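Here is the structure we will look at.
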Amino acid sequence: MKLSSVAISFAFITLLVYAWRLLNSVWLRPKKIERYLRHKANLHIDSNWSSFSMHMQEIFVTLIYPTIMAIKNAGKNCFIWMGPKPVVNIMEPELIRDVLLKHNAFQKPPVHPLGKLLATGVIALEGEQWTKRRKIINPAFHLEKLKHMVPAFQLSCSEMVNKWEKKLSKDGSCELDIWPDLENLAGDVISRTAFGSSYEEGRRIFQLQKEQAHLAVHVSQSIYIPGWRFVPTKTNKRMRQISNEVNALLKGLLMESNYKEIQEHGERKNVGMSNKDVIEECKLFYFAGQETTSVLLLWTMVLLSKHSNWQARAREEVTMIFHEVLRLYPPAPMLTRAVFADSQVGGLYLPDGVQISLPILLLHHDHEIWGDDAKDFNPERFSEGVSKATKGQIAFFPFGYGPRVCIGQNFAMMEAKMALAMILQRFSFELSPSYAHAPISLLTIQPQHGAHLILHGL
1 MKLSSVAISF AFITLLVYAW RLLNSVWLRP KKIERYLRHK ANLHIDSNWS
51 SFSMHMQEIF VTLIYPTIMA IKNAGKNCFI WMGPKPVVNI MEPELIRDVL
101 LKHNAFQKPP VHPLGKLLAT GVIALEGEQW TKRRKIINPA FHLEKLKHMV
151 PAFQLSCSEM VNKWEKKLSK DGSCELDIWP DLENLAGDVI SRTAFGSSYE
201 EGRRIFQLQK EQAHLAVHVS QSIYIPGWRF VPTKTNKRMR QISNEVNALL
251 KGLLMESNYK EIQEHGERKN VGMSNKDVIE ECKLFYFAGQ ETTSVLLLWT
301 MVLLSKHSNW QARAREEVTM IFHEVLRLYP PAPMLTRAVF ADSQVGGLYL
351 PDGVQISLPI LLLHHDHEIW GDDAKDFNPE RFSEGVSKAT KGQIAFFPFG
401 YGPRVCIGQN FAMMEAKMAL AMILQRFSFE LSPSYAHAPI SLLTIQPQHG
451 AHLILHGL
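To convert, note that position 399 of the sequence shown is 399 in full-length UniProt numbering; the numbers rise steadily by one, no gaps.
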């Protein structure tokens with residue numbers, strides 16, 4: 001009886017502790033931060049953002065431009081709520097530069113424990129760990145290394161355009177949803193360049209990582225409750241199953257790849273990373289590499305379909321076209337940073353515990369920076385380069401900026417340039433009547449209903 005009473009008391013105390021931690025996390029501490037920001041941070045409080053932040057996926061299209069106006073009315077820098085999280089929105093280029101350059105002071109926000117099952121790797125590391133890992137990985141993405149990957153890029157692109165040519169009817173045209181094929185193309189390139197294998201061998205990994213990404217978005221939008229990840233819910237169990245299967249598949253590919261390398265070049269040197277580290281970097285490469293390149297190619301083809309006069313010019317002026325596509329449809333709509341100690345940026349005072357939002361998408365559509373045609377597709381604005389187009393400001397950063405700029409941006413751009421060149425050599429294209437323009441913000445900006453185009457053989 002006494003033992004039972006002790007157990008009940010322990011359970012009750014544990015419950016109280018968790019309840020207090022939850023209350024402090026979702027209400028007491030956020031409200032304390034809000035009071036600080038209201039009185040000391042010199043920020044405008046804009047309550048109209050809460051609906052946008054909680055329902056970005058469902059109403060992305062309808063609220064993108066009204067949101068730009070809301071921020072203009074509230075001021076370039078304002079306090080907003082994203083669910084229970086207090087967030088300082090910053091849109092002044094000089095302040096953005098400070099935040100992204102001071103990467104030790106303003107770090108990535110903590111990742112939801114279940115979200116880590118999708119991918120961690122170098123993107124999630126901080127401090128000395130990040131410095132060491134980045135130093136190890138950097139050489140793989142130097143331009144000289146990337147040149148050796150061109151044959152793999154070319155083979156994967158050739159297979160895709162050959163497949164499209166076979167679908168042309170007798171009149172030399174066909175209707176096609178290009179989105180799945182562009183995802184497959186990006187995946188095929190990664191499989192070949194990373195492991196020397198084809199997309200077919202890596203297909204299961206991509207399917208699983210895509211499902212994991214959707215689940216990760218779902219859990220990231222939920223209120224974090226300590227210990228909840230251990231509750232055997234359907235989502236929690238599925239995310240762990242996916243992670244275990246992806247890890248097993250990657251181990252198999254790594255063992256096969258290492259065996260081939262040893263056969264050809266002798267024993268592999270120690271690269272300063274454990275097998276677990278290598279697997280995490282592979283998961284990140286599989287996910288981020290596929291997402292970034294596929295959405296860049298997709299929105300490029302959609303915009304060139306709408307502006308067919310640019311299809312002929314694209315062969316010669318592809319860089320400024322890609323820059324304009326990345327301005328209108330950056331891979332990620334925003335960057336976030338966390339403040340772990342009271343800090344100051346410009347005239348803003350930021351308390352410990354607040355998050356910083358750097359809204360790439362909104363900044364890329366800001367009329368004050370880009371002019372009255374900010375919402376229009378006009379690659380000419382980049383004809384003299386990014387610095388001239390942005391007037392030297394940090395107003396265009398689709399791959400981030402500063403020390404933590406995306407390590408794979410050259411890889412993505414080289415692959416996209418080769419793919420677009422091969423597509424334009426064989427096809428012209430236009431939007432299908434069945435195309436429905438509905439960008440949706442998941443982890444990247446994707447087409448909610450695919451991308452149906454009509455291809456015409458040349």
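In this text, a Cβ means the ideal position worked out from N, Cα and C, and glycines have one as well. This one's a predicted model, so the numbers in the text were calculated from it and none came from an experiment.
Using DSSP bridges, identify the partner residues of residue i.
i	result
residue 192	Paired residue(s): none; residue 192 is not in a bridge.
residue 182	Bridge partners of residue 182: none, in fact.
residue 350	343
residue 470	This structure leaves residue 470 out entirely; the chain is present only between 1 and 458.
residue 338	107 and 355
residue 446	440
From what residue to what residue does the alpha helix (DSSP H) around residue i run?
i	result
residue 27	Taken as a continuous stretch (DSSP letters only), residue 27 belongs to no alpha helix (DSSP H), as it is neither H nor E.
residue 415	409-426
residue 175	From DSSP, residue 175 is part of no alpha helix (DSSP H) but of the beta strand (DSSP E) over 173-177.
residue 322	318-328
residue 153	150-166
residue 143	143-147
Could you tell me how far apart the beta carbons of residue i and residue j are, in whole angstroms, since I believe they sit closer than 8 Å?
i	j	result
residue 250	residue 205	7 Å
residue 422	residue 157	5 Å
residue 33	residue 351	6 Å
residue 361	residue 320	No, residue 361 and residue 320 are not in contact; Cβ-Cβ is about 20 Å, not under 8 Å.
residue 395	residue 369	5 Å
residue 448	residue 454	Not a contact, Cβ separation roughly 20 Å.
residue 345	residue 98	5 Å
residue 122	residue 407	7 Å
residue 177	residue 457	Not quite, the Cβ-Cβ distance comes to about 18 Å (not below 8 Å), so this is no contact.
Terminal residues of the continuous beta strand (DSSP E) containing residue i?
i	result
residue 355	355-358
residue 368	Note, residue 368: premise wrong, no beta strand (DSSP E); alpha helix (DSSP H) at 367-370.
residue 439	439-441
residue 456	452-457
Would you call residue i buried or exposed, if buried means 16 or more other Cβ atoms sit within 10 Å of its Cβ?
i	result
residue 66	Residue placement at residue 66 cannot be trusted, given a pLDDT of 44 that sits under 50; what the coordinates show is reported in the next sentence. It counts as exposed.
residue 49	In this prediction, residue 49 has a pLDDT of 41, which is less than 50 and means its spatial position is unreliable; what the coordinates show is noted afterwards. So residue 49 counts as buried.
residue 61	Caution applies to residue 61, whose pLDDT of 46 falls short of 50 and renders its modelled position unreliable; the value that the coordinates give is listed next. So residue 61 counts as exposed.
residue 237	exposed
residue 127	exposed
residue 474	The structure shown has nothing for residue 474, since the chain only spans 1 to 458.
residue 324	buried
residue 283	buried
residue 10	exposed
residue 248	exposed
residue 129	exposed
residue 425	exposed
residue 20	exposed
residue 135	exposed
Of all Cβ atoms in chain D, is any one closer than 9 Å to the Cβ of residue i?
i	result
residue 186	This model lacks chain D altogether; it includes just one protein chain.
Which of the three DSSP states, helix, strand or coil, is assigned to residue i?
i	result
residue 284	helix
residue 133	helix
residue 100	helix
residue 431	strand
residue 379	helix
residue 118	coil
residue 277	helix
residue 225	coil
residue 311	helix
residue 11	helix
residue 385	coil
residue 4	helix
residue 246	helix
residue 393	coil
residue 235	helix
residue 399	coil
residue 332	coil
residue 364	helix
residue 83	coil
residue 39	helix
residue 302	helix
residue 113	coil
residue 125	coil
residue 220	helix
Are there any heavy atoms of the ligand GDP lying less than 8 Å away from the beta-carbon of residue i, as far as the coordinates show?
i	result
residue 317	Looking at this structure, you won't find the ligand GDP or any other ligand, since it has none at all.
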